[in-house]
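Asks:
Numbering (the numbering used here), first residue to last: 29 to 102.
1. Quick check for students: name the residue ranges of the alpha helix (DSSP H) that lie wholly in the segment 64-101, counting only runs of 4 or more.
2. Output yes or no for whether 9 Å exceeds the beta carbon distance between residue 77 and residue 57.
3. Do you know how far the Cα of residue 47 is from the Cα of residue 55?
4. Using 9 Å as the threshold, is the C-beta distance between residue 82 and residue 60 below it?
5. Indicate whether residue 45 and residue 73 have their beta-carbon atoms separated by less than 9 Å.
6. For residue 60, write down the residues that DSSP places opposite it in a beta bridge.
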(Lines of atoms letter the chains of each structure in order from A and count residues from 1; the text may use other names and numbers.)
(Lines give C-alpha, C1' and ligand atoms only; values in the text may rest on other atoms or scores of the structure.)
Protein backbone atom coordinates (compact mmCIF):
# COMPACT_ATOMS: atom_id res chain seq x y z
CA UNK A 1 0.00 0.00 0.00
CA UNK A 2 1.45 3.35 -1.05
CA UNK A 3 0.93 6.37 1.08
CA UNK A 4 0.86 9.80 -0.51
CA UNK A 5 2.70 12.44 1.46
CA UNK A 6 2.85 16.17 0.84
CA UNK A 7 5.92 17.87 2.27
CA UNK A 8 6.09 21.65 2.57
CA UNK A 9 9.39 23.29 3.46
CA UNK A 10 9.80 26.94 4.27
CA UNK A 11 9.64 29.72 6.78
CA UNK A 12 6.61 31.31 8.40
CA UNK A 13 4.28 28.49 7.36
CA UNK A 14 1.76 29.02 10.16
CA UNK A 15 -0.90 30.43 7.81
CA UNK A 16 -0.43 27.58 5.34
CA UNK A 17 -0.71 25.02 8.14
CA UNK A 18 -3.94 26.65 9.36
CA UNK A 19 -5.33 26.30 5.80
CA UNK A 20 -4.48 22.58 5.77
CA UNK A 21 -6.16 22.14 9.14
CA UNK A 22 -9.32 23.91 7.94
CA UNK A 23 -9.41 21.86 4.74
CA UNK A 24 -9.48 18.59 6.67
CA UNK A 25 -7.69 17.00 3.71
CA UNK A 26 -4.96 15.25 5.68
CA UNK A 27 -4.42 12.32 7.96
CA UNK A 28 -1.59 13.89 9.93
CA UNK A 29 0.23 17.22 10.10
CA UNK A 30 3.75 17.21 11.49
CA UNK A 31 5.83 20.31 12.12
CA UNK A 32 9.58 19.80 12.37
CA UNK A 33 11.28 22.63 14.20
CA UNK A 34 13.80 23.28 16.95
CA UNK A 35 13.38 23.58 20.69
CA UNK A 36 13.46 27.39 20.51
CA UNK A 37 10.48 27.60 18.16
CA UNK A 38 8.43 24.67 19.49
CA UNK A 39 6.76 26.72 22.28
CA UNK A 40 5.67 29.31 19.71
CA UNK A 41 4.02 26.63 17.56
CA UNK A 42 2.33 25.09 20.60
CA UNK A 43 0.97 28.51 21.59
CA UNK A 44 -0.11 29.40 18.03
CA UNK A 45 -1.87 26.11 17.28
CA UNK A 46 -3.06 25.26 20.78
CA UNK A 47 -4.93 21.96 20.84
CA UNK A 48 -5.25 21.70 17.05
CA UNK A 49 -4.41 18.41 15.40
CA UNK A 50 -0.70 18.77 14.72
CA UNK A 51 2.31 16.84 15.93
CA UNK A 52 5.52 18.73 16.64
CA UNK A 53 8.95 17.16 16.38
CA UNK A 54 11.65 19.38 17.87
CA UNK A 55 15.38 19.09 17.46
CA UNK A 56 18.02 20.78 19.56
CA UNK A 57 18.90 24.18 18.12
CA UNK A 58 21.86 24.60 15.78
CA UNK A 59 23.14 23.54 12.40
CA UNK A 60 25.00 20.53 13.82
CA UNK A 61 21.62 18.96 14.66
CA UNK A 62 20.77 18.72 10.95
CA UNK A 63 22.35 15.31 10.47
CA UNK A 64 21.54 11.77 9.38
CA UNK A 65 21.03 10.52 12.93
CA UNK A 66 18.28 13.09 13.48
CA UNK A 67 16.83 12.41 10.03
CA UNK A 68 16.39 8.80 11.14
CA UNK A 69 14.60 9.99 14.29
CA UNK A 70 12.30 12.19 12.20
CA UNK A 71 11.44 9.33 9.85
CA UNK A 72 10.62 7.08 12.80
CA UNK A 73 8.41 9.83 14.25
CA UNK A 74 6.49 10.13 11.00
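Every residue gets a Cβ at the ideal spot worked out from N, C-alpha and C, and that includes glycine.
Replies: This is what the structure gives:
1. The segment 64-101 contains these whole alpha helix (DSSP H) runs: 66-73, 92-101.
2. Numbered from its first residue, the chain shown carries residue 77 at position 49. Numbered from its first residue, the chain shown carries residue 57 at position 29. It is a contact, given that the beta carbons lie within the stated cut-off.
3. Residue 55 sits at position 27 when you count from the first residue of the chain shown. Residue 47 sits at position 19 when you count from the first residue of the chain shown. Rounded to whole angstroms, residue 55 to residue 47 spans 14 Å at the Cα level.
4. Taking the first residue of the chain shown as position 1, residue 82 is located at position 54. Taking the first residue of the chain shown as position 1, residue 60 is located at position 32. Yes, the pair counts as a contact, with Cβ atoms nearer than the cut-off.
5. As a position in the chain shown, residue 45 is number 17, starting the count at 1. As a position in the chain shown, residue 73 is number 45, starting the count at 1. Contact annotation: residue 45 and residue 73 have beta-carbon atoms nearer than 9 Å.
6. The residue given as residue 60 occupies position 32 in the chain shown. Note: residue 60 sits in a beta bridge opposite 81.
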